[in-house]
Structures are given as C-alpha cells and as structure tokens.
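What follows is a short report on a single structure.
Residue numbers (my numbering): 23 to 383.
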C-alpha cells in the first residue's frame, strides 16, 4: 500500500495522470457520447467559460483581485470551442442548417478572446495557436481545403499586433500596468537571463545540483522540489509532506515558473531524463490522437455514425492539448504547471481515453 502513496511531486503527477487516463477510458466507453450530447455540452461549457473569464476581468477592474481562471480553464475552454466547431462541420455535411449555432459559437470565440486576452497575454497566444491548430485538424479530418490563406494569415497577424497595442494603450490610459505586454516583456528580459543561467549550469541527468535549490542543504533533494507541481490545495488535501512554494515563496518559484519555458522548468526540477519524459509524453499523446482521428474519419466516410460524438470531442481535446503543450514547453512554463498542469493531464486523458474500445455483448 505504501508503494501507492506518492513520495514526491513527480510520482504524484504520474499517479494522477494514470488515474485520469483509466477514468476517461471508462467514461468515454460507458457514457453514450452522441453528437447531440457532445455538441450541447461543448456549447454550454464554452458559454460558461466566457462568462467566467468576463467575471474575472470585471473583478480586476473593480480592484477585487483576480483569480486567473484563464491559466487552468483556458485550455479546457479551447477544447470546448474547437469541439463545437467540429460539431458544426459534421452537421453541415449532414445537411443541417447551423447558421444560428455558428453565430453563437463565433460570438463566444470573440468574447473569450476579448476577456481572456485582456487577463493574460499568455492565454491569448495559447488561444490563437489553438484555434489555428483546431481549424487545421478540422479541415484535414473532413478533407477540405485549409481555411488559412496568405491573406487570412496576414489578417490574423495584424489582429494580434492591434490586440497587443490596444492592451498597451489601455494600460497607459487606465494606469493599470497589469495590462501592459511591454511590462511583461521587460520583466522577462530583466530576470530570464539569470534564471536560464541557473538552469543550464545546475541541471543534471536526474534533478539539479542541490546548491541551486532554494531549500537548505539539509532538506534539499535536488529532485522534484516543487518547482513543477500539481495545485497546492490538491497536495494539502491529501496531507502529503512535499516541499511547496506559497505565500512570499512564490517569488522563488517564479524564477523558473514565470521567466522560463517549460522545457527548462521540467529539466531543472526533474533533470534531463524528466525533460525527455515530457517530450515523449507529448509526442505519444499527439501521435495516438491523430491516428485515432484517422480511424474515426474512415468510419464516418463509410456512413458509420456511431463515433461522430467521439470524433468531434477528440478533435477539440487534441487541438487544445497540442496548443497547451507548445505554449507551455516553448514559451511559458506556467501554462503547464500547477492547476494548468492538472488541465493538461485531463486533456491528455481525454485523448488517450479513445485508445481503448470496450465492446458490449
């Protein structure tokens, strides 16, 4: 029994991932995921997340603080929106008039882009990258020409530039530096150099040099010391005696979590083997997801409508997973850490849950 109790942060992450994958296999196989059910849930959750992000932004304007819902729920919201878009495409091919639903989905996309993007620039990047990946996978799955022409790509780039410029102007007019993209860039330029130097000089095959650890030499292990972890409340709930950065100590964690990309954060806390494990995990989930999508497409093209709900759900979850992996691994470590890491594992489980099919007799 003791072997099942996590001894460090990495073991807990692996155990939670395995539990989620096993749970999703049962849910996907036992719950009737028809196209109508998946479409309804994706639309309902997309609208709910839009309102949640709007409320968070509203609270920030009223100086009541912010909950940063975009970090943990942003990728899930992205999965819901892409799932809804894929559902629209399936219904269109079946001759269903979806003009009204399309307007609703596009309104939700605009709302989430506005509210979520104003809260966090990292979310805006994840959101735009995710929509691009989602539209690409949808067009490939339905054997259609890509919706992205050179003109549209340039238009998107222009919108991004205008969005970041508007945020900078808004921060100056309202005297709220929290909205300033330039401030974020300046902070990264100031602190990322020293953080990167620490990682490169201290990372070992397994973990890091204990001299680079924040914790004292008597308690430092040099491995899975809490720089990468599941939500603190989750760990406290189970009473696990792991080192955790909270309160004023968050600033110590931010040297890795806020200033560097995930490949450096995971390498520092878990070593180069941990980094290899992260990359392997992302590649396995992505490749298996794309392979299963090919199988679902073949069944749909043979007029087998049994898996339509599963197919659109997989398109949404896989698109969001790839987007979160790209942003987390190569831009912001925080996008795959803490509560966002739990969302990352949920999306991975929702993809891998399709790998096993339970046949009913």
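Quick reminder that beta carbons are idealized off the backbone N, C-alpha and C, glycines included. Values in this document were obtained by computation on a predicted structure and should not be read as measured data.
Handout entry: Nearest neighbour of residue 236, chosen from 228, 248, 226 and 58 [CA to CA]
Key = Numbered from its first residue, the chain shown carries residue 236 at position 214. Minimum Cα distance to residue 236 is reached at 248.
Handout entry: Inter-residue Cα distance where the pair is residue 80 and residue 208
Key = Position 58 of the chain shown holds residue 80. Position 186 of the chain shown holds residue 208. One C-alpha to the other measures close to 26 Å.
Handout entry: Secondary structure of residue 225, DSSP reduced to three states
Key = Sequence index remark: in the chain shown, residue 225 carries index 203 (1-based). In the structure shown, residue 225 sits in a strand (DSSP, three-state: E or B).
Problem - Uninterrupted alpha helix (DSSP H) stretches inside the segment 23-98 (no shorter than 4 residues) - result: Counting only runs of 4 or more, we get 31-52 and 57-83.
Practice task
Compare the Cα-Cα distances from residue 190 to each of 142, 370, 324 and 157 and report the closest residue.
Solution key: As a position in the chain shown, residue 190 is number 168, starting the count at 1. The shortest C-alpha separation from residue 190 is found at 142.
Practice task
Determine the contact status of residue 282 and residue 217, defining contact as a CB-CB distance below 7 Å.
Solution key: Walking along the chain shown from the start, residue 282 turns up at place 260. Walking along the chain shown from the start, residue 217 turns up at place 195. Cβ distance < 7 Å, so residue 282 and residue 217 count as in contact.
Practice task
Pair every Cβ in the segment 272-291 with every Cβ in the segment 341-357, then say whether three or more of these pairs are closer than 8 Å.
Solution key: Pairwise C-beta distances place the segment 272-291 in contact with the segment 341-357, as three or more of them are shorter than 8 Å.
Exercise for the section: Please report how far the alpha carbon of residue 275 lies from the alpha carbon of residue 74, in whole angstroms. Expected result: In the chain shown, the residue the question calls residue 275 occupies position 253. In the chain shown, the residue the question calls residue 74 occupies position 52. Note on geometry: alpha-carbon atoms of residue 275 and residue 74 lie some 27 Å from one another.
Handout entry: Cβ-Cβ distance between residue 291 and residue 250 below 7 Å
Key = The sequence position of residue 291 within the chain shown is 269, counting from 1. The sequence position of residue 250 within the chain shown is 228, counting from 1. Closer than 7 Å, so yes.
Problem - Other residues of its chain near residue 226: CB distance less than 7 Å, five sequence neighbours each side excluded - result: Within the chain shown, the letter at position 204 stands for residue 226. Same-chain partners within the cutoff: 293.
Handout entry: Of the residues 104, 162 and 28, the one placed nearest residue 63, counting alpha carbons only
Key = As a first step, residue 63 must be located in the chain shown, where it is residue number 41. Residue 63 has its Cα closest to that of 104, out of 104, 162 and 28.
Problem - For residue 137 and residue 76, believed in contact at Cβ under 8 Å, the rounded distance - result: Here residue 76 corresponds to residue number 54 of the chain shown, with the count starting at 1. Here residue 137 corresponds to residue number 115 of the chain shown, with the count starting at 1. So it is a contact: roughly 5 Å between Cβ atoms.
Exercise for the section: Spell out whether any CB of chain C is found under 7 Å from the CB atom of residue 288. Expected result: Note that chain C does not occur in the displayed structure, where there is just one protein chain.
Exercise for the section: Alpha carbon to alpha carbon, how far is residue 116 from residue 60? Give it in angstroms, no decimals. Expected result: The residue you call residue 60 lines up with position 38 of the chain shown. The residue you call residue 116 lines up with position 94 of the chain shown. Going from the Cα of residue 60 to the Cα of residue 116 covers about 16 Å.
Exercise for the section: Measure the Cβ-Cβ separation of residue 146 and residue 139 and say whether it is below 7 Å. Expected result: As a working note, residue 146 is residue 124 in the chain shown. As a working note, residue 139 is residue 117 in the chain shown. Yes, they are a contact pair.
Exercise for the section: Kindly indicate the opening and closing residues of the alpha helix (DSSP H) around residue 352. Expected result: Within the chain shown, the letter at position 330 stands for residue 352. Counted as a single uninterrupted DSSP element, the alpha helix (DSSP H) harbouring residue 352 occupies residues 330-352.
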